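J.: Before I ask anything, let me first share the structure, which is written out below as structure tokens.
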Amino acid sequence: MKFRLILLFYLALTVSLHAQKVGLVLSGGGARGMAHIGAIRALEESGIPIDYIAGTSAGAIVGCMYALGYSPHEMDSIVRTDDFYNWANGIIDENYFYYYRKNPENASWVNLKFSLDSLLQTSLPTNLVSSVPYDFALLEQTAAASAATRYDFDSLFVPFRCVAADIENKQTIIFREGDLGQAVRASSAYPFYFRPMVFQNKILYDGGLYNNFPADVMLEDFQPDIIIGVNASGKITPTTEGNIISQIRAMMTTPTEFSVICENGILVEAKTDEFGLFDFSDLPSIIQEGYRATMEKIDTIRFNVHRRINADQVHRQRKVFRSRFPEVVINNVSIDGVNSKQSEYVHRILKAGSQPIPLSRLKASYFQLVSDPNIRAIQPKLMFDPSTGMFDLNVRIQQERDLITQFGGLLSSRPISEVFAGLTYNIWSRRAWSFNTNFYFGKLYTSGQARIRMDAPFRKPFFLEADATLNQYDFFRSSNAFFSDQKPAYILASDYFFGLHGGIPARNKGKIVASAGYVRIADNYYQTQNFLQKDTADKTILKGFTGALTFERSTLNRKQFANQGTFLQLRIRGVDLEEDTKPGSTSASRTIEHDHHQWLQAKLTYENYYKRRGRLRLGFYSEVAATNQTFFNNYTATILNTPSFEPVLETQTLFLPAYRAQFFGGAGLRNVIMLRNNLELRIDGYVFQPYQELIRTDDLKTRFGEPLAKRYFLGSGGLVLHSPIGPISLAVNYYDQREENLSLLFHVGFLLFHASALD
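Per this note's numbering, the sequence shown runs over residues 8 to 766.
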């Protein structure tokens with residue numbers, strides 16, 4: 008009898024132990040939340056089962072990966088990739104960077120967007136980084152699993168929950184079913200970092216605003232015997248008077264108590280304070296900290312969790328689960344948020360037709376759509392149709408405001424400061440129209456431009472553009488005051504261009520553009536430095552026609568001071584101009600000269616940053632130029648209109664005859680050392696090799712020097728801080744064989760100009 012009682016007790020205990028269920032709760036924490044991967048690895052290595060999983064924000068991301076059937080090793084591998092780094096930082100992979108629709112760069116700091124129907128209704132940025140690559144990655148990673156589990160989170164590899172914040176109704180939204188990707192996207196929509204998620208007409212933000220540790224959700228939904236909680240959120244930045252983000256966060260956030268509300272709960276505290284909230288550059292160390300913190304508690308966990316899992320069995324279960332995933336093939340595409348004509352425009356870009364298309368093939372077209380300036384935001388969703396065995400894609404589009412104002416410029420230690428202002432009006436129907444005008448005002452540079460562009464999204468897309476541009480460079484002004492009377496300029500170079508352009512994409516990273524137009528160049532100059540204010544300058548006027556064919560390809564990540572990507576431009580230009588030169592009071596000649604010039608010129612520019620990550624970014628820059636341009640009436644007129652080598656930023660503001668030639672090659676290294684995420688030390692060095700330098704003769708004419716007789720060096724070194732309004736730079740520049748070969752330049756903002764008429 009006693010033996011039977013012992014046997015029954017043993018059997019009851021065995022059943023109880025086998026029935027023991029473990030729930031894992033993962034906190035938010037941004038980049039710090041990747042410590043959860045290390046925690047899961049520690050649990051699996053120790054044979055600890057995970058029967059349920061719930062997470063917020065970064066915890067939702069890691070929890071989702073585990074629920075999709077990824078092993079800790081696979082999760083670790085995923086977050087170490089460039090792809091994951093790009094998703095987290097809003098960087099579109101250069102393979103899907105659509106350069107063709109990119110507008111010309113300008114010196115703007117701030118873009119304010121208005122609706123023409125209501126000029127008082129402005130649109131300010133709601134996010135620091137683009138969520139586009141992250142949105143599509145979630146679509147790719149979760150669509151098949153959602154279909155295989157019929158959109159039931161309890162049917163995933165591990166039953167899963169995540170939470171988001173409904174800020175209008177001040178409540179937590181718990182996701183138990185539906186589109187898994189959208190649920191995780193909503194849970195991780197950190198305010199002002201990513202755009203919020205629109206779900207069932209609700210604006211959802213990061214779940215950590217109201218519940219950064221959903222242990223209550225775990226207990227209520229699953230009622231596990233044991234809850235293991237991992238807190239990787241780190242310390243919250245104190246609310247300070249000067250930090251508006253911290254103030255808004257304090258107003259929006261409900262404090263979270265990190266406790267496992269269960270009799271047998273165990274809390275793992277990962278020490279992640281030293282890691283930045285959005286610093287994804289050192290994820291291996293963060294993951295290792297999660298592993299270390301969990302192993303520190305593993306004896307306590309083992310004591311409370313009596314069940315053990317077999318690694319081989321779990322591997323087989325993962326393989327069976329993922330084998331149920333269907334191939335993601337798009338059957339139908341629906342568009343929301345735009346009118347019928349705009350919807351037709353979108354369908355043409357997506358190339359959605361009568362034939363089903365795999366998601367992998369649709370990807371390039373999707374990112375082409377994202378690059379369209381008429382689209383402010385895009386939210387994709389895939390739904391599986393059991394009747395066809397394929398997916399239907401719904402694209403919810405938020406249209407960009409049609410009126411955009413831009414303000415910016417440059418503040419500099421030299422008298423080259425300038426103010427920039429621009430205005431753009433967009434019309435979007437079956438075709439896209441853009442009307443743009445902008446102006447630069449400064450002592451060195453004054454310019455105005457008006458452009459009209461039409462984009463046609465046909466099977467072979469193209470654009471047509473008309474523009475009018477006026478540029479004026481006033482070199483060698485002596486005053487440092489921004490507004491003051493000046494002595495007569497040593498050189499005043501002006502050009503006018505009225506052009507027509509047509510272009511087509513060259514795959515996704517490039518474009519081919521044909522241009523033709525009327526040119527008028529007016530150069531006023533003294534041919535001696537010994538001039539008086541009463542003297543009159545020589546004047547050369549060139550007018551006629553030019554045409555060019557340009558191939559351009561770019562994946563550079565910034566409009567100035569790039570540190571990753573490539574740029575390639577090949578331009579061939581033909582020129583037919585009439586020259587009229589009127590000598591001034593300091594000229595040796597008194598005769599008005601007239602001449603006719605025709606020439607061809609070609610220029611190749613190549614820039615490449617070879618290493619995309621890490622503290623050291625190695626870059627290379629080169630230019631090759633050749634022209635059969637004939638000499639103008641005098642040396643100064645000739646050199647002013649001769650191709651120049653300007654790799655250092657400051658060289659665009661200086662007249663440097665030594666770095667101009669009709670045939671030349673120039674190349675150098677651009678070394679970027681990342682001191683912090685937004686602070687760089689840049690060290691550049693270049694060599695300029697003219698085939699024959701242009702020499703000024705005693706009678707102020709021009710002649711060629713001996714082939715390869717001279718070469719020149721130039722370089723730059725300094726710090727660049729990438730601020731919200733643009734770069735802040737302090738640089739020392741070196742120019743070989745110049746009377747003052749060192750210069751110091753400090754500036755805030757972008758040193759950018761319109762292209763010149765013969766560029």
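Just so you know, even glycine gets a beta-carbon here, dropped at the ideal spot from N, CA and C. All values reported here derive from a predicted model rather than from experimental measurement.
Rank G416, L146, S594 and V312 by C-alpha distance to the C-alpha of I337 and give the top, closest one.
T.: L146
J.: Just to confirm before moving on: does the CB-CB distance between E296 and G70 stay below 8 angstroms?
T.: no
J.: Ignore the nearest five residues each way along the sequence and tell me which others in N339's own chain have a CB closer than 6 angstroms to its CB.
T.: D399
J.: Spatial neighbours of A674 within its chain, please: C-beta separation below 6 angstroms, excluding the five flanking residues on both sides.
T.: S629
J.: DSSP puts S723 in a beta bridge; with which residues?
T.: Answer by DSSP bridge pairing, in chain order: D691 and N740.
J.: Rounded to whole angstroms, what's the CA-CA distance from T332 to A151? Just pull it up for me.
T.: Looking at the sequence shown, residue 332 is not Thr but Phe. When rounded, the distance between both Cα atoms is 5 angstroms.
J.: List in chain order: all unbroken beta strand (DSSP E) runs of 3+ residues lying wholly within the stretch 355 to 436.
T.: 382 to 392, 397 to 406, 410 to 419 and 425 to 435
J.: For F391, which residues of its own chain have a beta-carbon under 6 angstroms away from its beta-carbon, when the five flanking residues on both sides are left out?
T.: A154 and F398
J.: Look at the alpha carbon of Q744 and the alpha carbon of T658, and state the distance between them as a whole number of angstroms.
T.: 15 angstroms
J.: Along the chain, which unbroken stretches of the alpha helix (DSSP H) at least 4 residues long are found entirely within the stretch 44 to 111?
T.: 65 to 74, 79 to 86 and 89 to 96
J.: Going by DSSP in three states, D223 sits in which element: helix, strand or coil?
T.: helix
J.: Taking the alpha-carbon of D306 as reference, which of A38, L656 and A49 has the nearest alpha-carbon?
T.: A49
J.: In or out: G506 buried (at least 16 other Cβ within 10 Å) or exposed?
T.: Taking all protein chains in view, the Cβ of G506 is crowded by 16 or more other Cβ atoms within 10 Å, so the residue is classified as buried.
J.: Using a Cβ-Cβ distance cut-off of 8 angstroms, determine whether G36 contacts chain B.
T.: Chain labels in this structure do not include chain B; a single protein chain is all it has.
J.: Can you tell me where the alpha helix (DSSP H) holding Q148 begins and where it ends?
T.: From DSSP, the alpha helix (DSSP H) with Q148 extends over V139 to A155.
J.: According to DSSP, is D289 helix, strand or coil?
T.: coil
J.: Label L539 either buried or exposed according to how many other C-beta atoms from any shown protein chain fall within 10 Å of its C-beta, with 16 as the threshold for buried.
T.: exposed
J.: Near I233, what residues of its chain come up, given a Cβ to Cβ distance below 6 angstroms and the 5 sequence neighbours on each side ignored?
T.: Closer than 6 angstroms at the Cβ level, and outside the excluded window around I233, lie V29, N271, N311 and V312.
J.: Could you check how far apart the C-beta atoms of D474 and A439 are, in whole angstroms? I think they sit under 8 angstroms.
T.: In fact, because the Cβ distance is near 17 angstroms, the residues do not count as touching under 8 angstroms.
J.: Compare the Cα-Cα distances from R624 to each of V377, D228, N433 and Q571 and report the closest residue.
T.: Q571
J.: How would you label F206, buried or exposed, when you count the other beta carbons within 10 angstroms and need 16 or more for buried?
T.: buried
J.: Assuming contact is defined by CB atoms lying nearer than 8 angstroms, are I423 and F442 in contact in what I supplied?
T.: no
J.: Any chance the stretch 186 to 194 sits against the stretch 412 to 430, with 3 or more Cβ pairs inside 8 angstroms?
T.: no
J.: Which residues bound the alpha helix (DSSP H) around N311?
T.: I305 to N311
J.: Could you round the C-beta distance between S138 and R202 to whole angstroms and report it? I think they count as a contact, below 8 angstroms.
T.: 5 angstroms
J.: In the DSSP assignment, find the beta strand (DSSP E) that holds H754 and state where it starts and stops.
T.: L749 to G756
J.: Ignore the nearest five residues each way along the sequence and tell me which others in R667's own chain have a CB closer than 6 angstroms to its CB.
T.: I646, T649 and S651
J.: Just the Cα atoms here: how many angstroms apart are D213 and S730?
T.: 25 angstroms
J.: Can you give me the start and stop residues for the alpha helix (DSSP H) that H322 sits inside?
T.: Unbroken alpha helix (DSSP H) run through H322: A318 to S330.
J.: Helix, strand or coil, according to DSSP, for K610 in the structure here?
T.: strand
J.: Note the first and the last residue of the continuous beta strand (DSSP E) segment covering V29.
T.: V29 to L33
J.: By Cβ distance, which residues of its chain are closer than 6 angstroms to L126, with the 5 residues on each side in sequence left out?
T.: Confidence in L126 is poor, its pLDDT being 48 and thus under 50, which makes the residue's placement unreliable; the coordinate value appears in the next sentence. Within the same chain, L126 has no close Cβ partners at all.
J.: What residues match up with T573 in a beta bridge as DSSP calls it?
T.: N615
J.: May I have the straight-line CA-CA distance separating R560 from Y106, to the nearest angstrom?
T.: 7 angstroms
J.: Assess contact between the stretch 626 to 645 and the stretch 603 to 616, defined as three or more Cβ pairs (one per stretch) separated by less than 8 angstroms. Is contact present?
T.: yes
J.: Thinking A114 and L417 are a contact (beta carbons under 8 angstroms), I'd like their distance in whole angstroms, please.
T.: 6 angstroms
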